[in-house]
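What follows is a short report on a single structure.
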Amino acid sequence: MTEDTQPHPPGTSGGTAGPALPAPPPGRCALCPAPCPADGNCRTQCPRDVVEAGICGPLGFPFSGAVREGAEAAILSRRAAAEDRWGADGSAGRRRQRRLQGRGEVVLGAGAELPRPRGCVSGRAVCSARRPLLLVSLTGRLSPPPRDPGAGPTARAREAGTRRPPLCGQGGHPPRRRSCRRLGPRPRRPAWPAASGRVLWPRSCALAVRSNMLRIPVRRALGLSKSPKGCVRTTATAASNLIEVFVDGQSVMVEPGTTVLQACERVGMQIPRFCYHERLSVAGNCRMCLVEIEKAPKVVAACAMPVMKGWNILTNSEKSKKAREGVMEFLLANHPLDCPICDQGGECDLQDQSMMFGSDRSRFLEGKRAVEDKNIGPLVKTIMTRCIQCTRCIRFASEIAGVDDLGTTGRGNDMQVGTYIEKMFMSELSGNIIDICPVGALTSKPYAFTARPWETRKTESIDVMDAVGSNIVVSTRTGEVMRILPRMHEDINEEWISDKTRFAYDGLKRQRLTEPMVRNEKGLLTYTSWEDALSRVAGKLQSFQGKDVAAIAGGLVDAEALVALKDLLNRVDSDTLCTEEVFPTAGAGTDLRSNYLLNSTIAGVEEADVVLLVGTNPRFEAPLFNARIRKSWLHNDLKVALIGSPVDLTYSYDHLGDSPKILQDIASGSHPFSQVLKEAKKPMVVLGSSALQRNDGAAVLAAVSNIAQKMRMSSGVTGDWKVMNILHRIASQVAALDLGYKPGVEAIRKNPPKVLFLLGADGGCVTRQDLPKDCFIIYQGHHGDVGAPIADVILPGAAYTEKSATYVNTEGRAQQTKVAVTPPGLAREDWRIIRALSEIAGITLPYDTLDQVRNRLEEVSPNLVRYDDIEGANYFQQANELSKLVNQQLLADPLVPPQLTIKDFYMTDSISRASQTMAKCVKAVTEGAQAVEEPSVC
C-alpha cells in the first residue's frame, strides 16, 4: 500500500470531519482516500469505521440508499468528536446522554452517532456482519445497547498502548462478566494505529445475542424496499445458506431455522421428548428435551430453539442429565402407579424415558392429584389422571383433523384436557390421538384389556376401506386380528389412518361365510362341500355361454381375482364383466387411463395453489386426501372452491353452488371464479366418482375435462403437472378399469343373463327383481351381506387381511396386502376358487401359483405389478377432444355426494356394516345430534 493510499484511523488528518462529504474522485469512495479495486473487495483498505458503519459490506461492496446516507452522516459526526469519545474522563456519561437522546430511533438516520466504541451494533447500529441486522426485542421496540464494560479498564489500556483485558476468559484472563455475550470465539481484527502512536484494540461483534431477542434485516426495520437491491447486496459468502453446528463435538451442516432437536437427529442423536411431534406445531411445554449449549448460562428446550452458527450442543452433559431428571420427577409427581393395568404398557414413552432419564427414587410425599375421566365417544378411552398436558391431542385435533373439540381448562395444578362440555369427539380421524399420546391417557376402547404389544404379531398390509390405500400394520394373536395401526407412507397417508380403517376390524369375524352353501328345493341355503358347490356352478357354465353369462365385481375385490374371473368368462365366450361403480363410457371413457385417475397424486395437492372440488365430499369419501388438502390450505394458502352440496370440509372454501350447469359458466369464462383459475399456477380439478353415477355423468365428465384443459393452457403448467383428477371411493375400481371391466351394470339390466357371478358385489346394484326367475346366481365373497341372500350358490372367500393380494388406489399406485391371519373355516382365496372352478368346468386356467397369476396380470396391464409406483399418463388433450363427441346435456338436479355427514361415513361396505364398533359410532352420532336438536329443559 502506497503512502497516498494508506488508510487513516479516526481522528487523524485522513478522517477530518466537515459539514459535507467531498465529491469522490472516479473509482474512489467518498469516505476513503484509497482507490476501489477492480474486484470490489476493499475491506482491508477502508478505514475501520467506514466498514463497520455499514457503508461497505463484508467483502467491501458499498451499500446504497438510506443506509449509506445515514452511515455517512454517522461517520462525519463520529470523526468530529473522535477525541472526545475516546477520552477516559467523562466519556461514559456523554455516551449515555447521547443514548438517551436517540432512544427508540435508528442511529443510521441523519445526524445520528454510532453507539459505543466497543461494538458494531448494539440495538441500533449496523455492523459488518454478513448483512446489516438490527436487534429488536419481542415487544417490537428497539432494544437499548448493552452496558459498557467500564471506562476504567478501557482508558487504562489505551493509555498504556496495549489491548484491554478480554471479557470472556480468553487468554488466561478470568471473565469480567457474569455471562458471555457471545457463544462463539471472539472475532479478531488487526489493530489500527492511532494518531498518538498508541495501538487500539479491535472491536468485537455483538450480534450473537440472547435467545429472547429477534433478529431482523435492517431493510425491514427501516421500512425500506423489500427488494434487496435498495439496501443489502448479497455476497459470495452468503450464497451458501447452510450453517455449521456441533453436536457433542460432531460437526453437522444445517439450514437456518433448524431447531436444536432436528440438528441432533441429523447426526443420529435421539433427544427425549413428550410434547414435540414432527407433524404438529411446537408447543415446548414438557421441557423433557432440555440440552446444554456450550457457554450458555442455562439449558434450552431443543424442540423450540433454532440453532446458531458455531454452537456446540451438549446432549449428555451433567447439566442436561440433571435438568431432564428434574423434569421427569415433576411429571411423575401426579402420575398414577397403574402401569400393570395400563393398555399403553410396553409402548409408553413415559415408561421408557423414566427408566432412561429419570431418578430411581421420588421426593414427593403428598397425595397424587386425581382427574375425572371424559366420555368422548365409543372409540377413544380416557384415563385423564395419566395425562401430562403435552397437548399433542389438542394440536392434532385443531391442526390435522380440523376439529376444535379438544382444549384445556384451568391453570397450573388444575389444568385438564377435555372437550369443555361432555360431547363426542366428532372426527373421522379421532383414533390418531391414541397413537400420538405419549402416555396411557388416551387408549383404544375396543382394544382395551385384550392383548399386550409383545404378544401380537405385526404384519404390514394395505387398507381397502376406501380408494386411498393407506398403509397399515395388522396386529394379530392366535389367528385373530387384535388391532390395526397406521404405517408410515409419505406419499399416501403419512402416518395417519381413518377411524373406519382403524376400528372396523371387528367386522372381520362377524357375519362371515365359512363354508360353501347351496339353495335346496325348499329355497333355503344349506351347507355343502366344495366339490358339490363347484360342480353345480360348473354345470351351469357348461350349459350356458356367451351373453348368457355375466359377472359383477364388488368394491373389495383384489386384482388377482379380477383377472382370474375375466379369464374364466372369456373362456366361455363372454365379455360381460361389470363393476358396481358407474363410469361414463361416452367420449374417451375408460380407454385413456388418465381419464379415471387422481393424476396429480395425493401428495401433489400440497403443490397446488387452487383446487376445484366437483360433486364430492373428500372428508368422508377419502379422509386422508382431505387431510392433505387441509394441510396445504393451512400452510401454503391453498384456495379451495366447491360445486355441490355445502359440507363441512374442515377448511374454508368458496361455495360456487350445487348446480352442474355452473361448470358450463366456468368453462365459458362468464363465472367470476374463472379468473381465479386463469391466474392459478398449479390448479387442480377434483371430480368425485359419485357425481358420475348420475344420468348426466358423461356430460359432467366432459364439462370438467373442458375446464381442466383450459386451465392447463392458461396456467402454462408443464407436462409433469396434471390438472384433471378423479377421486374414487372403492378400492377395486381402478384395477377393474385397468383390466377392461365395463363400469356399471346397465348392460346386465338391459340383457339379463342366465348365469350371474357376483364377486364380492354387496352394493345392491342388482336385485333379484332385476333378473329373470330362472337366473342362476353365484355369490363369492367373505360376508353374508347384500349379495349372499339372493344367491343360489355361495362360495366363501378370504378378506383382505387373509390373503396376499394386489390393490390399486385412486392415483393408480399398485400395492400389496399380506397374509396376517388364515381364512376362517373352509374359506379360500378368491383366485384359487375360480381356478378350481375352471378345472371342474373343463376350461382350466393356465396358472397354479400366485406368481403365475401375477405374471398374467403383467401381460394384461403391466402397471398392476409395479408396486408402490405410479405410471404417468398424460392424454388429457386427446380426452378433451373425444369429450366433444358427448351428446348429453347437464341436468338441473343438484350435485349431492352420498356421504354428507359423519353418520354416513362409518358403514359403507360389507366389513364395516358387520362391525359393532361402527354401529356404536352411528348410534353415538345420532344421539348426539338429537341432544343438540332437543336440549333438555331444567
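In my numbering, the protein residues as written are 980 to 1917. Don't be surprised by glycine CBs; every beta carbon is placed ideally from N, CA and C.
Determine the extent of the alpha helix (DSSP H) in which residue i is found, giving its start and end residues.
i            : result
residue 1597 : 1597-1600
residue 1300 : 1297-1310
residue 1328 : 1328-1336
residue 1538 : 1538-1550
residue 1679 : 1676-1694
residue 1829 : 1829-1839
residue 1517 : 1509-1522
Is any heavy atom of the ligand GTP found at a distance shorter than 8 Å from the C-beta of residue i?
i            : result
residue 1430 : Ligands displayed in this structure: none; no statement on the ligand GTP is therefore possible.
Which whole-angstrom value is the C-beta distance of residue i and residue j, which I expect to be below 8 Å?
i            : j            : result
residue 1398 : residue 1385 : 6 Å
residue 1584 : residue 1622 : About 18 Å separates the two Cβ atoms, so there is no contact after all.
residue 1620 : residue 1591 : 5 Å
residue 1366 : residue 1350 : 7 Å
residue 1896 : residue 1483 : 7 Å
residue 1601 : residue 1785 : Not a contact, Cβ separation roughly 20 Å.
residue 1436 : residue 1451 : Actually they are not in contact, since the Cβ atoms of residue 1436 and residue 1451 sit about 14 Å apart, beyond 8 Å.
residue 931  : residue 1720 : Residue 931 is absent from the structure shown; the chain starts at 980 and stops at 1917.
residue 1604 : residue 1581 : 6 Å
May I have the straight-line CA-CA distance separating residue i from residue j, to the nearest angstrom?
i            : j            : result
residue 1875 : residue 1235 : 48 Å
residue 1618 : residue 1656 : 10 Å
residue 1790 : residue 1682 : 21 Å
residue 1215 : residue 1696 : Unreliable positioning characterises residue 1215 in this predicted model, as indicated by a pLDDT of 38, which lies under 50. A coordinate reading is not provided.
residue 1625 : residue 1904 : 20 Å
residue 1346 : residue 1314 : 11 Å
residue 1475 : residue 1890 : 20 Å
residue 1499 : residue 1505 : 7 Å
residue 1898 : residue 1840 : 39 Å
residue 1817 : residue 1444 : 30 Å
residue 1767 : residue 1733 : 18 Å
residue 1608 : residue 1667 : 15 Å
residue 1312 : residue 1301 : 17 Å
residue 1221 : residue 1294 : 22 Å
residue 1518 : residue 1497 : 14 Å
residue 1809 : residue 1834 : 17 Å
residue 1753 : residue 1432 : 53 Å
residue 1403 : residue 1481 : 18 Å
residue 1707 : residue 1676 : 14 Å
residue 1507 : residue 1454 : 33 Å
residue 1369 : residue 1327 : 14 Å
residue 1555 : residue 1529 : 5 Å
residue 996  : residue 1228 : Any reading at residue 996 needs caution, since the residue's pLDDT is 40, under 50, leaving its predicted position unreliable; the model's value is listed next. Using only the alpha carbons, I get a separation of about 49 Å.
residue 1291 : residue 1412 : 35 Å
residue 1561 : residue 1725 : 9 Å
Find the nearest neighbour of residue i within the set the options, judged by alpha-carbon distance.
i            : options                   : result
residue 1381 : 1679, 1612 and 1519       : 1612
residue 1232 : 1288, 1269 and 1271       : 1288
residue 1862 : 1245, 1794, 1608 and 1569 : 1569
residue 1803 : 1722, 1263, 1760 and 1738 : 1760
residue 1392 : 1348, 1303 and 1377       : 1348
residue 1689 : 1674, 1646 and 1781       : 1646
residue 1892 : 1687, 1546 and 1491       : 1491
residue 1456 : 1469, 1473, 1470 and 1438 : 1438
residue 1523 : 1799, 1756 and 1907       : 1756
For residue i versus residue j, is the C-beta distance shorter than 9 Å?
i            : j            : result
residue 1855 : residue 1684 : yes
residue 1836 : residue 1447 : no
residue 1847 : residue 1793 : yes
residue 1248 : residue 1226 : yes
residue 1299 : residue 1329 : no
residue 1275 : residue 1364 : no
residue 1877 : residue 1669 : yes
residue 1246 : residue 1284 : no
Where do the N-terminal and C-terminal ends of the beta strand (DSSP E) with residue i fall, by residue?
i            : result
residue 1223 : 1222-1226
residue 1480 : It is not in any beta strand (DSSP E) - residue 1480 instead sits in the alpha helix (DSSP H) that spans 1478-1482.
residue 1528 : 1528-1532
residue 1633 : 1633-1636
residue 1729 : Taken as a continuous stretch (DSSP letters only), residue 1729 belongs to no beta strand (DSSP E), being part of the alpha helix (DSSP H) at 1725-1729.
residue 1557 : 1556-1558
Examine chain D for any beta-carbon lying closer than 9 Å to the beta-carbon of residue i, and answer yes or no.
i            : result
residue 1434 : Any reference to chain D falls outside this structure, which holds one protein chain only.
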